[in-house]
Every structure is written in structure tokens, then in C-alpha cells.
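Colleague: Got a structure here, written out as C-alpha cells. Questions coming.
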Amino acid sequence: MLQVSIYRYNPETDQQPYMEDFEFDTQGRDLMVLDVLEQLKARDSSVTYRRSCREGVCGSDGVNINGKNGLACITPLSATVRKNKLVIRPLPGLPVVRDLVVDMSMFYAQYEKIQPFLQNNTPAPAIERLQTPEDRAKLDGLYECILCACCSSSCPSFWWNPDRFVGPAGLLQAYRFLADSRDTATDERLSRLDDPFSVFRCHGIQNCVNVCPKGLNPTRAIGHIRTMLLTRAT
Amino acid sequence: MNAGDAPDIRALQADIVIVGGGGAGLRAAIAAAEANPQLDILLLSKVYPMRSHTVAAEGGCAGVIQLHDSLDAHFDDTVSGGDWLCDQDVVDYFVHHATEENLRLEHWGCPWSRKADGSINVRAFGGMKIERTWFAADKTGFHILHTLFQTSLKYPSIRRCDEYFCTDLLLEDGACAGVQAIDMRNGTHTLIAASAVILATGGAARVYRYNTNGGIVTGDGMALAYRQGVALRDMEFVQYHPTGLPGSGILITEAARGEGGVLTNSDGYRYLQDYGLGPETPLGEACNKYMELGPRDRLSQAFWHEAKAGRALATSRGEAVNLDLRHLGEARINERLPFIRDLARTYVNVDAVHEPIPVRPTAHYTMGGIQTDRHTATALPGLFAVGECASVGLHGANRLGSNSLAELSVFGRVAGEQAAARASQGPAVDPRRLLARAQDNAAGWESLREARGGEHLATIRDEMARAMEDGAGIFRLPGQMQQTCAKIAELKGRYRELGLVDRSRVFNTEWLNAIELGNLLDVAEAMAHAALARKESRGSHQRIEDFPERDDAQFLRHSLVYRAADTPRLDWQDVVITRSQPAERHYGAAGQQESKP
Chain A
1 MLQVSIYRYN PETDQQPYME DFEFDTQGRD LMVLDVLEQL KARDSSVTYR RSCREGVCGS
61 DGVNINGKNG LACITPLSAT VRKNKLVIRP LPGLPVVRDL VVDMSMFYAQ YEKIQPFLQN
121 NTPAPAIERL QTPEDRAKLD GLYECILCAC CSSSCPSFWW NPDRFVGPAG LLQAYRFLAD
181 SRDTATDERL SRLDDPFSVF RCHGIQNCVN VCPKGLNPTR AIGHIRTMLL TRAT
Chain B
1 MNAGDAPDIR ALQADIVIVG GGGAGLRAAI AAAEANPQLD ILLLSKVYPM RSHTVAAEGG
61 CAGVIQLHDS LDAHFDDTVS GGDWLCDQDV VDYFVHHATE ENLRLEHWGC PWSRKADGSI
121 NVRAFGGMKI ERTWFAADKT GFHILHTLFQ TSLKYPSIRR CDEYFCTDLL LEDGACAGVQ
181 AIDMRNGTHT LIAASAVILA TGGAARVYRY NTNGGIVTGD GMALAYRQGV ALRDMEFVQY
241 HPTGLPGSGI LITEAARGEG GVLTNSDGYR YLQDYGLGPE TPLGEACNKY MELGPRDRLS
301 QAFWHEAKAG RALATSRGEA VNLDLRHLGE ARINERLPFI RDLARTYVNV DAVHEPIPVR
361 PTAHYTMGGI QTDRHTATAL PGLFAVGECA SVGLHGANRL GSNSLAELSV FGRVAGEQAA
421 ARASQGPAVD PRRLLARAQD NAAGWESLRE ARGGEHLATI RDEMARAMED GAGIFRLPGQ
481 MQQTCAKIAE LKGRYRELGL VDRSRVFNTE WLNAIELGNL LDVAEAMAHA ALARKESRGS
541 HQRIEDFPER DDAQFLRHSL VYRAADTPRL DWQDVVITRS QPAERHYGAA GQQESKP
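Protein sequences appear in the order of chains A and B. Take the first sequence: its letters are residues 1 to 234, numbered as in our numbering. Take the second sequence: its letters are residues 1 to 597, numbered as in our numbering.
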């Protein structure tokens, strides 16, 4: 029997959050953590979490699994369960709405702040803007981000300054546009990031790299932005 | 609120409300904002836009771009692919505007895959004579959705209500005058008066047990319109995607075959050559409209026959055939199909570089939907519908892969412009005039939240999904279809006896799942009855036992299902035929013969 422990909190009825324990029979199968949640919800329909695509691309079901942030739908039990225990908590550092559902407004606000859309000051041509496969490849490792918030909510700098530090997810996207050969707003983008908090609160702890369910490396992207900022200053 | 009081309603006003934040809804919002920057546009969605199911589309997005291709060829492929049930004026408009929309996405930052010279690359896709499928690796929908969402952030006139669940359309003087929604965060019933409402809520394949769709794809918009007397059209046409993972139903894109992947049965034989799709093409050399690049309906039907003949593989997750990519080599798989490699590793423990992926058909796409004219307007003034929830007349009896992503942009823009034109003529009605109705509606939803009957949500949902698979699946047998119609009616009765456990107003997913189940049951009813009424075989609707042939004399018509007290009412609408007269559909060598002058 797998011992499952789930963080529960309903602001309408609970003074404080608590951990609720369930016994779960996997019948020897290596299920995904989301499958376990779905089956527990069939038992107790008040268990609350977000989910949709169940294939790791919509970014809905980021949670903290046995102490590490990840997507419930692509985390198999075999990758996380040790000593027969599965502990599921909401993503840390964000206000809890209910159970495993967190308020992501601050996370989204930082994303929107970096103006995550292509900016090009030349008139749009009648055809496509050309981009060589090599230039297109510069987006690899950046443009796959699904905005699940696993990285930013594992980042101590983001915990401390969620209003001022853009955080790993937002900065990864900032660099995605800085790296795009079709974007001409490099200078404006850097100017908006050029303060003590937006980028420089990153202390290279690399929790973001450790947890990213898509295998991306925000720390490296942040390093590139720092280099661009410092090069520009000299 | 005390028991017996009228529920509290928060009232808002906007010029345009868009329900659904996927590709179609976002494109409509941008078009409306560009058409008239003075308009207040409210985009309402039950999820944050990036979670919408457009995100999971993999293979690509159609649009003629090669010099040796033509709009006529795209038109012909679409119309024959749809088994002549497409409205040809709509198809013409679509093929004329698909490429400009794809280019606009490029200008907005969509990271399309490129050729060596930096121009757009295109790949082969099922049922398409010439390569015209634009792609961004194998995450095309993901990148289109992100590009549209990002672009929408540029427009200050687009406001968002994320995680609001739309429960009702509100009518006034015979027109749609707004919507009502539940703010999921605190359960507040919210009414939004608006001059124009666009439904862009996506499909409904969650009525089936095995499907490629996310949990949120529950036919909400279709049910909202259906309940207000708007017809659902061509609902019997449900696309089974031939390659989903057994067990979960997770999608393995058609691009895997476009890149040269092949399907084999338990004898290692490429069985599609036995189903009018041959001759066998050389390994790794995908040939348009042959073999693995035949249309989806034919491929799914071929699987059914193979399984029946005992030539499917038995896997721990059910019957399957093999999708073999090994001959493509690791480099090409990583460049073109990286997500597919991930999915196969994660869900069936197969590395596509070294082993074939087990696949089987799973419910994927609803060709039908809310009836609209070619300008996305429904019969209810002020209400528009676009994308998978709508039936604009593009896909006929079978959709070609990569036409639906292009549809989102082409008709999303039309919907946004049409709604903007209507909203520019005058302000929304005063929300106070809608208040009494909103309170009635809210009281109904509140009693659902408090429901204490003996029926279980999951039980009804499972029985529905099984019944749809049995009676409205790849092949439809007369007795089973009747049983399915009866079963859905029974389940609708039992739904009224539902009991819920969670009484909270805060992010009450059980309550919302119950509302979704009500929507699914309405959609399932429309599908099952339309299927029973269409006494022929066409495209994805196949009745091999009682009506195995296409019958143009009687059924070259769209079905219309209207909600009625007991069983729904059926009606028919002529198909618009402009320049392509119905003919037989041919693929493989037979198709080649036919296309010669």
C-alpha cells in the first residue's frame, strides 16, 4: 500500500492547512502522480487540483511532489516514491487558494512584465521574415516553456521578491525574445530589466534547472541576459 | 446568502464577450481589438488561456505556400477529404485566407520551422496532395497558442476573466445579450452584458472513453447554444485519430507518418495496402495520399478491420498496431518529432528510435458543432461561434489534419470582426435588465452544488463514455445505436438525481465537473441522434451493416439537431456546392489515376 499524504486547505472551513493521509493500492502499476490524484478524487471528490491535457504540455498541474516541484501528469511513481511515501503539496511560495490550487497572479504578472511578444520596428513584409534554421535553433531550450511555475516557485529569490524579481520563467522568456533574430527591441528589453532586482536577484542557486519538467535551463538564459546587460554598460 | 434568498450576482458590462481562450478565442479578441480599439473586449475562460486545448495540437497548420501547389488543390483535397459534405463557398474562403493568417502568425513571432534559405518549411499530411502543412517542430498548436496569447497582451482593450466558468447565455428581445459565469475562485455568479458574444469553447471528445482530448474539452459552448434553441449541425461526424496511445488515448501526431513513419500489424505487415490505399510505398518515403498518408477516417476504419481479423497486437493497455519510426533515425526524430519521442517514452516506455510505438484510434475531433453561417454568425442574433465548437461548414464528414489550426485563425478573425461590427452599432443592454434571469439561473446552479441525490458523477460519466464508444464509434451498428440513444436518455434522467459531496464555493471542481457532465450529456444526445438519422455511410460516419454506401440523393445534406423536451428534433440543410460535384473518394493508386486529365 502506497502511503499518500495530501495538503488540504479550504479557506471556508479550515482554520489551518493540514495533511490528509490516504492508503492507495497501485496494484503493482507504475502510475503517474496525476492518476493517483484522479483516483483519490473519485474516493473524496473534494480533493482539489488543476489539470487538463494530462500529457505535460498545458502546464496546469504543477505541484510539489515529495519535496520537488514537478508536473503530476508526467511524474511516474517510480521516479519519486521512496520508502513507499508520496507527499503532495501545492507549489511553494504562492498563496494557496484551496488544497493544491495556488494563486498564480504574481507569476503571470512577472511574465507579462517582460512584454513576451515579438517586437519589430520594420514594416511587416508581404511574406515571412526569413530566419535561418541556425537562428531558429537559438530558440531551442527557451521556447518550450509551458509556464507551469515549477521553476519560479522553487526559487528562493522569487519567494523573497515576487513583485520585483522577474523570476526564472519570466527571464527565460525575456531571453527567448532577446535571442530571436526577428526581434528588434533588444535595447528596450534590456533597459526594462536593468535594475538591481529584475535580473540580478538571481544567485545561481539553480533550483529552477533542477525542477524544470521540460528540461530547460533558466539559469543559463539569465547568465546570457546578465552578459548582455554588462556588455551594454561598458 | 441565506437559504431562500436570491443568489448574489455580480454584474459587469462589456462590448464583446468571448467565451474560450484557445486559438479561436484569442484570434477573435485580437481581430476585434484591431477593428475598433474603442471596444471593451472581455475574454472569459475556465482556464488560463495557455492551458486551453489548442496547446496539445501537434502536427501543423495548413496553408498553400509552395509554387507548384494551388488554392484549387487545397480546395479539392478538403472537399473530397470531407466526402463532399463541406460548404464549398466556406472552403474557398478558407483556402484563400489560410496562408495570410499563417504569415501573420509569423510576423507575431510564431517560431515556424524553416528551410535552409530561411523561408517557411512545410511537411506532408494525410489527405493532402502536396505538402502545405506549416509546423513548429511537433508542437505547432502549442506555439500558435502561445504566439496568439502573447500578442493579445499588446492590446489594452482586451480584458480577461481567467478561471470563470460560463454557465448560461442571457437573451433579451430575441438576441443574445450577454453571458453568465461562475468565478471559480469564490463561486460568485457573475453576469456580463454585451452587444456580441462569441463562443470559442472547443470540442467535445470527452464524451468518449478513449480520446486525445484534455479533461477540459467538454462541449460547453455547444451545450450553451443548444439550450437556447440554436441548432447543432453535423454532430454525427466525430473524427477518430488513427494514432493515439493505447490506454490513455494520448495523441501521436500524423506528422509522425508525414515524416515517413509506417503502420504495421501483428505480422509486421503494412496492412493499409489492403484497404485501397496502396500500393505499398518504399520505407521512409512518405507519398502524399498513399498508405499512411491516407485520410484519418480510412485509417481508423482499417484498424477496426485488422483488430476484428485478429491481426492487432495485444498489449497490456489493449489492442494496438505498431507505428514504426526507427528507419527515420535518431537525428530526424529529434529534430522533427521530439515531443513524440518524449510521449512514447513517458507513457508506454518505448524509445521510438529503437522500437515501434503501439497506437490505436482514439476519439479526437468533432467536425460538427454550433451551426453558423460563413461569417460565424449563429441563428441567434448577437451570438457567434468559431473553432471546434462551431460548424462553419469547412470540414464536412471528415476533417483533414492541419486544416483545424488554420481554421482557428481564418475564422477567428472573421468572428472578431463581425462581433466588432455589431458591437460598434450600440452599447450592450443594461445589466440590470438581465438580473432576474441571472438570479433564476444561479439558483439552479446553487441547487446543483447542494445536490443530495443518490447518483454518482463518475458513474454517469463512465457509462456515457462507454455507450458512445459502443454506439457512435468508428463503425455504427443499428442495434447499438438505438441502445446508445436510449442510454443517453436514461443518463440524463439519472443526472437529475446526482449527489455531490463538496459544498464549498471556493474552486469547487466537483461542482464544475457536474456542470460539464450536463454539457457532455447534451452533446452526446445530439451526436447519437444525428448518427441514427443519417442512414448512409459518409466520411467518419460508417454504418457497414445497414447502410454501407453513401447516398447523395437523400443525404448530401447537413444534419441539424434541435433540443426538444423528450427526444431532440432533427432537420436538414442543403450543402453549398459551387464547383466540385460529388464523386468517389480515391486514395493510393486509384487516386493517382483519377487526378490525371
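Every residue, glycine too, gets a C-beta built ideally from N, C-alpha and C.
1) Measuring only between beta-carbons, confirm whether CYS58 of chain A sits less than 8 angstroms from chain B.
2) Closest Cβ-Cβ distance between CYS53 of chain A and chain B: below 8 angstroms?
3) If we define contact as Cβ-Cβ less than 8 angstroms, is GLN581 of chain B a contact residue for chain A?
4) Pick out whichever of B:GLU497, B:GLY141, B:GLU407, B:LEU103 has its Cα sitting closest to the Cα of ALA124 of chain A.
5) Quick one: does PHE117 of chain A have its CB under 8 angstroms from some CB of chain B?
6) Starting from GLU172 of chain B, trace the alpha helix (DSSP H) both ways and give me its first and last residue.
7) Does SER113 of chain B come out as helix, strand or coil in the three-state DSSP assignment?
8) Count the other C-beta atoms from every protein chain shown that fall within 10 angstroms of the C-beta of VAL33 of chain A, then say buried if there are 16 or more, exposed otherwise.
9) Looking at ARG399 of chain B and ASP604 of chain B, is the spacing between their C-beta atoms short of 8 angstroms?
10) At a Cβ threshold of 8 angstroms, is LYS492 of chain B touching chain A?
11) Would you call the CB atoms of GLY382 of chain B and ALA181 of chain B closer than 8 angstroms?
12) Could you work out which residue in A:LEU142, A:ASP35, A:PRO162, A:ARG220 is closest to ILE88 of chain A when comparing CA atoms only?
13) Closer than 8 angstroms, Cβ to any Cβ of chain B: which residues of the region 136-154 of chain A, in chain order?
14) Beta strand (DSSP E) containing GLN418 of chain B: first to last residue?
15) When DSSP labels each residue in this structure, what does TYR175 of chain A get in the three-state scheme?
16) Please work out which residues of its chain come closer than 6 angstroms, Cβ to Cβ, to SER181 of chain A, disregarding the five sequence neighbours upstream and downstream, and give them in chain order.
17) Using a Cβ cut-off of 8 angstroms (strictly closer), state whether TRP451 of chain B contacts chain A.
18) Show which residues of chain B have a CB atom less than 7 angstroms away from the CB atom of ARG98 of chain A.
19) How many Å lie between GLY294 of chain B and ARG123 of chain B at the Cα?
20) Rounded to whole angstroms, what is the Cα-Cα separation between GLU100 of chain B and VAL217 of chain B?
21) Does the Cβ of VAL429 of chain B have 16 or more other Cβ atoms within 10 Å, making it buried, or fewer, making it exposed?
22) Name the chain A residues that come within less than 9 angstroms of TRP606 of chain B, Cβ to Cβ?
23) Find the residues of chain B that neighbour THR132 of chain A, judging by a C-beta separation of less than 7 angstroms, and give them in chain order.
24) Given that a residue counts as buried once 16 or more other Cβ atoms are within 10 Å of its Cβ, and exposed if not, what is ARG432 of chain B?
25) From this set, A:ARG164, A:LYS85, A:GLU38, which residue's C-alpha is nearest ARG54 of chain A's C-alpha?
26) At what residues does the alpha helix (DSSP H) containing ASN210 of chain A begin and finish?
27) Is there a Cβ of chain B sitting closer than 8 angstroms to that of ARG89 of chain A, yes or no?
28) Taking the CB atoms as reference points, tell me whether GLU265 of chain B and ALA204 of chain B lie closer together than 8 angstroms.
29) Kindly examine the ligand SAM and report whether one of its heavy atoms sits closer than 7 angstroms to the Cβ of GLY202 of chain B.
30) What are the residues that DSSP puts in a beta bridge with HIS558 of chain B?
31) Excluding the 5 residues flanking GLY426 of chain B on each side, which residues of the same chain have their C-beta closer than 7 angstroms to its C-beta?
32) Exposed or buried, what is GLU292 of chain B when buried is set at 16 or more other beta-carbons lying within 10 Å of its beta-carbon?
33) Between which two residues does the alpha helix (DSSP H) carrying PHE158 of chain A extend?
34) Output yes if chain A places a C-beta closer than 8 angstroms to the C-beta of ASP502 of chain B; else output no.
35) Would you mind sorting GLY610 of chain B into buried or exposed? The rule is 16 or more other CB atoms within 10 Å of its CB.
36) I want to see whether chain A comes within less than 8 angstroms of VAL19 of chain B, judged by CB atoms only; does it?
Modeller: So, to answer that:
1) Along the first sequence, read from residue 1 onward, the residue named residue 58 of chain A stands at position 58. Output row for CYS58 of chain A: interface = yes.
2) Numbered from its first residue, the first sequence carries residue 53 of chain A at position 53. It does; some Cβ of chain B falls within 8 angstroms.
3) By one-based count along the second sequence, residue 581 of chain B stands at place 581. So, not an interface residue.
4) Residue mapping note: residue 124 of chain A aligns to position 124 of the first sequence, counting from 1. When each option's Cα is compared against that of ALA124 of chain A, the closest is B:LEU103.
5) Translated into the one-based positions of the first sequence, residue 117 of chain A becomes position 117. It does: the Cβ of PHE117 of chain A has a partner Cβ on chain B nearer than 8 angstroms.
6) In the second sequence, the residue the question calls residue 172 of chain B occupies position 172. Per DSSP, GLU172 of chain B belongs to no alpha helix (DSSP H); it is in the beta strand (DSSP E), 164-172.
7) The residue given as residue 113 of chain B occupies position 113 in the second sequence. In the structure shown, SER113 of chain B sits in coil (DSSP, three-state: anything other than H, G, I, E or B).
8) By 1-based counting over the first sequence, the position of residue 33 of chain A is 33. So VAL33 of chain A ends up on the buried side.
9) Because chain B in this structure spans residues 1 to 597, residue 604 of chain B falls outside the shown range and cannot be described.
10) Along the second sequence, one-based indexing puts residue 492 of chain B at 492. Cβ-Cβ to chain A under 8 angstroms: no for LYS492 of chain B.
11) Taking the second sequence and counting its residues from 1, one reaches residue 382 of chain B at position 382. Taking the second sequence and counting its residues from 1, one reaches residue 181 of chain B at position 181. No, the pair does not count as a contact, with Cβ atoms beyond the cut-off.
12) Position 88 of the first sequence, counted from the first residue, corresponds to residue 88 of chain A. Nearest C-alpha to ILE88 of chain A: A:ASP35.
13) ARG136, LEU139, TYR143, GLU144, ILE146, LEU147
14) In the second sequence, counting from the first residue as 1, residue 418 of chain B sits at position 418. No beta strand (DSSP E) holds GLN418 of chain B; the alpha helix (DSSP H) holding it covers 403-424.
15) Working through the first sequence from its first residue, we reach residue 175 of chain A at position 175. Secondary structure at TYR175 of chain A: helix, using DSSP grouped into helix, strand and coil.
16) Looking up residue 181 of chain A in the first sequence gives position 181. Here the set comprises GLN131, ASP135.
17) On the second sequence, position 451 is the one that residue 451 of chain B refers to. In the sequence under discussion, the amino acid at residue 451 of chain B is Ala, which differs from the Trp named in the question. So no, ALA451 of chain B is outside the interface.
18) The sequence position of residue 98 of chain A within the first sequence is 98, counting from 1. Within 7 angstroms Cβ-Cβ: VAL506, PHE507.
19) Position 294 of the second sequence holds residue 294 of chain B. Position 123 of the second sequence holds residue 123 of chain B. Their Cα atoms are separated by approximately 15 angstroms.
20) To locate residue 100 of chain B, count along the second sequence from 1; it is residue 100. To locate residue 217 of chain B, count along the second sequence from 1; it is residue 217. Cα to Cα, the separation comes out at about 29 angstroms.
21) Residue mapping note: residue 429 of chain B aligns to position 429 of the second sequence, counting from 1. Per the 10 Å Cβ criterion, buried.
22) Missing from the structure shown is residue 606 of chain B; chain B here goes from 1 to 597 and no further.
23) Residue mapping note: residue 132 of chain A aligns to position 132 of the first sequence, counting from 1. Those within 7 angstroms of THR132 of chain A in chain B are ARG114, GLY118.
24) Numbered from its first residue, the second sequence carries residue 432 of chain B at position 432. By the neighbour-count rule (16 or more Cβ atoms within 10 Å), ARG432 of chain B is not buried but exposed.
25) Residue mapping note: residue 54 of chain A aligns to position 54 of the first sequence, counting from 1. Of the candidates A:ARG164, A:LYS85, A:GLU38, the one whose C-alpha sits nearest the C-alpha of ARG54 of chain A is A:GLU38.
26) Against the first sequence, residue 210 of chain A aligns to sequence position 210. Following the DSSP letters along the chain, one finds ASN210 of chain A inside the alpha helix (DSSP H) bounded by residues 207-211.
27) Position 89 of the first sequence, counted from the start, is the residue given in the question as residue 89 of chain A. With 8 angstroms as the cut-off, ARG89 of chain A does not count as an interface residue toward chain B.
28) Along the second sequence, read from residue 1 onward, the residue named residue 265 of chain B stands at position 265. Along the second sequence, read from residue 1 onward, the residue named residue 204 of chain B stands at position 204. Residue identity check: residue 265 of chain B is Asn in the sequence provided, not Glu. No, the pair does not count as a contact, with Cβ atoms beyond the cut-off.
29) Annotation note on the ligand SAM: not contained in the displayed structure, which lists no ligands.
30) The residue given as residue 558 of chain B occupies position 558 in the second sequence. Under DSSP, HIS558 of chain B takes part in a beta bridge, and its partners are B:GLN573.
31) As a position in the second sequence, residue 426 of chain B is number 426, starting the count at 1. If we look at GLY426 of chain B and ignore the five residues flanking it on each side, its Cβ neighbours are SER195.
32) Counting from one through the second sequence, the residue named residue 292 of chain B turns up at place 292. Under a 10 Å Cβ-count criterion, GLU292 of chain B is classified as buried, with 16 or more other Cβ atoms of the shown protein chains found around its own Cβ.
33) Along the first sequence, read from residue 1 onward, the residue named residue 158 of chain A stands at position 158. Looking at the DSSP string, the run of the alpha helix (DSSP H) that includes PHE158 of chain A is 156-160.
34) If you number the second sequence from 1, residue 502 of chain B lands on position 502. Yes, its Cβ sits closer than 8 angstroms to a Cβ of chain A.
35) One cannot answer for residue 610 of chain B here, as it falls past the ends of chain B, which runs 1 to 597.
36) Here the question's residue 19 of chain B lines up with position 19 in the second sequence. Chain A, which has no Cβ nearer than 8 angstroms to the Cβ of VAL19 of chain B, makes this no.
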